[in-house]
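Residue numbers (this note's numbering), protein chains in the order written: chain A, 1 to 430; chain B, 431 to 679.
By construction, the Cβ of each residue, glycine as well, lies at the ideal position given by its N, Cα and C atoms.
Right under this line is the structure:
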């Protein structure tokens with residue numbers, strides 16, 4: 001680890017604070033992940049990635065920068081990764097999934113603010129996120145008020161570029177978004193000094209489409225009962241999708257999927273057949289936010305799908321690969337991103353339809369709606385989600401929480417009671 | 431005999447069921463060592479117990495040790511309330527550190543439930559702290575508040591903020607009874623908003639130690655416009671429910 005320390009120091013991390021963080025993560029990972037039984041063997045790749053999350057991957061990014069290429073940090077799946085890759089840059093998700101440095105963040109930001117926003121601001125202020133410090137530019141977006149205004153503040157501490165994401169899906173919004181995508185291409189060209197031509201776009205699209213296809217294949221395996229992979233492991237894979245080298249990640253996910261397909265053929269599950277199957281819907285869970293999945297799976301259910309940005313929303317839609325001109329490629333990219341059904345859109349009926357489709361396709365017994373505290377778009381949209389899910393005859397539980405564990409006991413009671421009602425309605429006693 | 435034990439944040443409740451009859455029940459303070467306290471309470475019956483089911487926030491350590499199974503407080507209160515009040519369709523449980531409302535279907539199964547958020551607003555703990563701030567004994571806080579002439583509206587639901595609000599009202603020489611009534615109304619308001627989310631159907635049963643508080647009972651039934659039923663020992667409903675499940679297991 002000593003060579004990493006030198007690298008961390010050069011990146012400008014606060015080594016002492018970073019050491020504290022690095023001491024916590026393996027312990028939590030051990031409790032939440034390594035304690036699971038019957039994990040697919042392919043998960044050893046993810047264990048390795050996690051053990052090197054601030055090590056090897058950061059070194060790769062460092063080497064890439066040394067060779068003159070750039071690193072682009074993002075917080076949202078609205079940022080077109082295809083264009084970042086076409087510019088020869090790497091695209092990484094920025095830390096925002098742990099209650100770290102919130103006290104520092106609260107010196108600047110209001111307390112009653114989304115924990116994800118407080119978290120990324122806290123990581124920046126305490127200088128413990130090497131992805132933050134490795135990023136040549138941070139690309140934000142105007143999805144919600146909290147992020148939008150925080151990017152203004154973050155601009156004091158980092159090089160920030162903000163994309164204007166629309167809030168409706170009409171024609172003028174699409175034009176606005178296409179314009180933003182074209183501007184973003186210009187921004188990436190300016191950052192990297194590399195012209196993004198047709199070939200680069202074709203390659204960028206193919207790489208990201210392959211990654212999305214791999215995640216789709218992985219999630220197909222979760223439709224089966226008994227399910228061959230835990231929700232926790234599947235969540236981790238989907239979280240790492242935002243950090244890892246895309247080509248290598250795609251290959252590893254396909255390998256794991258192969259193993260899961262073999263498990264299915266052999267009738268092997270990670271839990272017993274008939275275990276209650278839960279769909280989690282709502283706010284994104286950035287690494288290392290495994291709180292809800294851990295509570296739900298510890299209570300004897302299994303999560304089979306995530307209707308979230310770190311989940312189906314990330315891989316559901318592909319960029320069309322037809323078209324032979326750069327302009328058509330950009331338009332195809334814009335079209336793909338306009339399909340996203342984030343709660344920041346109004347109206348957002350697509351999300352309700354997608355939830356109901358997942359309920360059916362994944363044979364879901366109950367839906368848990370997850371929202372981060374103070375997240376207006378998702379907490380308010382719950383009103384429509386609850387109605388749609390209940391009308392379909394599926395029980396739904398609302399959870400609103402942050403990253404701290406102080407409410408774990410209460411949440412467990414709610415989750416267990418929810419599972420009791422599901423089991424009771426299926427005629428299972430106790 | 432079958433034992434149900436409800437290990438709550440403030441009290442531990444135990445019910446011993448023998449056939450259809452409640453053979454015995456006990457209520458004790460949780461204290462600092464809920465595990466030891468639970469063992470002490472179970473000890474006299476343990477030898478004859480066919481099955482022990484635990485509920486309450488301490489249920490998980492109980493399962494690791496002496497309990498044969500666990501159920502949540504939601505299921506326990508529903509089962510207990512239904513046995514004592516066979517037409518019960520709605521249960522309100524105001525416990526020490528959380529409050530919950532449960533709606534039951536016609537057959538008595540849990541149809542839906544709501545629990546308060548992480549803070550103490552609308553819980554027994556809130557009332558306890560406020561009684562102390564106002565200088566009332568917890569046991570007659572309800573009666574004293576019911577005797578108020580006017581309620582003083584309490585704006586803050588947060589225990590910490592409500593406490594300073596109460597202190598400043600006292601400094602203005604406001605009558606403690608009037609403040610007390612306002613506080614009870616704020617708890618009932620919180621409970622009623624949860625109730626409307628799950629739907630209100632008769633009979634309504636109030637469970638948990640707060641059921642002994644006359645002011646909560648009266649204010650609740652006035653605000654709902656429905657009769658609210660309370661058992662003479664409202665704190666044992668959860669433990670009773672656990673004992674019933676132990677018998678039916």
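When 7 Å is used as the limit between beta carbons, residue 106 (chain A) is near no residue of chain B, the shortest such separation being about 17 Å. The alpha-carbon of residue 565 (chain B) is positioned some 11 Å away from that of residue 574 (chain B). Note that the C-beta distance between residue 131 (chain A) and residue 160 (chain A) is not below 8 Å. Counting along the chain, residue 493 (chain B) sits inside the alpha helix (DSSP H) bounded by residues 489–494. One Cα belongs to residue 495 (chain B), the other to residue 419 (chain A), and the distance between them is close to 23 Å. CA-CA distance, residue 105 (chain A) to residue 97 (chain A), rounds to 14 Å. When DSSP states are grouped into helix, strand and coil, residue 268 (chain A) belongs to the coil group.
Within the same chain, 229, 234, 304, 305 and 362 come within 7 Å of residue 222 (chain A) by CB-CB distance, once the 5 residues on both sides are set aside.
Assignment of beta-bridge partners to residue 524 (chain B) by DSSP yields B:529.
Straight through space, the alpha carbons of residue 546 (chain B) and residue 552 (chain B) are spaced by roughly 8 Å. Using a Cβ-Cβ cut-off of 8 Å, residue 543 (chain B) counts as an interface residue toward chain A, since at least one Cβ of chain A sits closer than that to its own.
Contacts with chain A at 8 Å (Cβ-Cβ) include residue 540 (chain B).
Assignment of beta strand (DSSP E) within the stretch 112–171 of chain A, counting only whole runs of 3 or more residues, yields 137–141 and 160–163 in chain order. Chain-order list of chain A residues neighbouring residue 505 (chain B): 417 and 420, by C-beta distance under 7 Å.
With at least 16 other beta carbons inside 10 angstroms of its own, residue 286 (chain A) counts as buried. Our two residues, residue 446 (chain B) and residue 150 (chain A), have alpha carbons roughly 58 Å apart in a direct line. Residue 638 (chain B) and residue 309 (chain A) have their C-alpha atoms some 41 Å from each other. Judged by beta-carbon spacing, residue 116 (chain A) lies within the 8 Å limit of residue 372 (chain A), meaning their Cβ atoms are closer than that value. Selection A:22, A:355 and A:119 evaluated against residue 281 (chain A) yields A:355 as nearest (Cα-Cα).
Taken residue by residue, none of the stretch 442–463 of chain B has a beta-carbon sitting less than 8 Å from a beta-carbon on chain A.
When 9 Å is used as the limit between beta carbons, residue 410 (chain A) is near these residues of chain B: 487, 527, 528, 545, 546, 547 and 548, in chain order.
Residue 616 (chain B) counts as buried, since at least 16 other C-beta atoms from the protein chains shown sit within 10 angstroms of its C-beta. Contact note: residue 424 (chain A) reaches chain B through 505, 539 and 540, using a C-beta cutoff of 9 Å and chain order.
Across the structure, residue 679 (chain B) and residue 433 (chain B) are spaced so that their CA atoms are roughly 12 Å apart. Interface criterion not met: the Cβ of residue 111 (chain A) is under 8 Å from no Cβ in chain B. Residue 9 (chain A) counts as exposed, since fewer than 16 other C-beta atoms from the protein chains shown sit within 10 angstroms of its C-beta. By the Cβ neighbour-count rule, residue 18 (chain A) is buried, with 16 or more other Cβ atoms within 10 Å of its own. By the neighbour-count criterion, in which 16 or more other beta carbons inside 10 Å mark a residue as buried, residue 272 (chain A) falls on the exposed side.
It is roughly 12 Å from the alpha-carbon of residue 75 (chain A) to the alpha-carbon of residue 119 (chain A).
For residue 328 (chain A), the secondary structure class from DSSP, reduced to helix, strand or coil, is helix.
For residue 544 (chain B), the enclosing beta strand (DSSP E) covers residues 540–545.
Residue 332 (chain A) and residue 157 (chain A) have their C-alpha atoms spaced approximately 34 Å apart.
The count of Cβ pairs closer than 8 Å, one atom from the stretch 624–636 of chain B and one from the stretch 646–657 of chain B, reaches three, so the stretches are in contact. DSSP, reduced to helix, strand and coil, places residue 440 (chain B) outside both helices and strands of the structure shown, so it counts as coil. At least one CB of chain A lies nearer than 8 Å to the CB of residue 501 (chain B). Looking at the backbone, the Cα of residue 82 (chain A) and that of residue 207 (chain A) are separated by about 8 Å.
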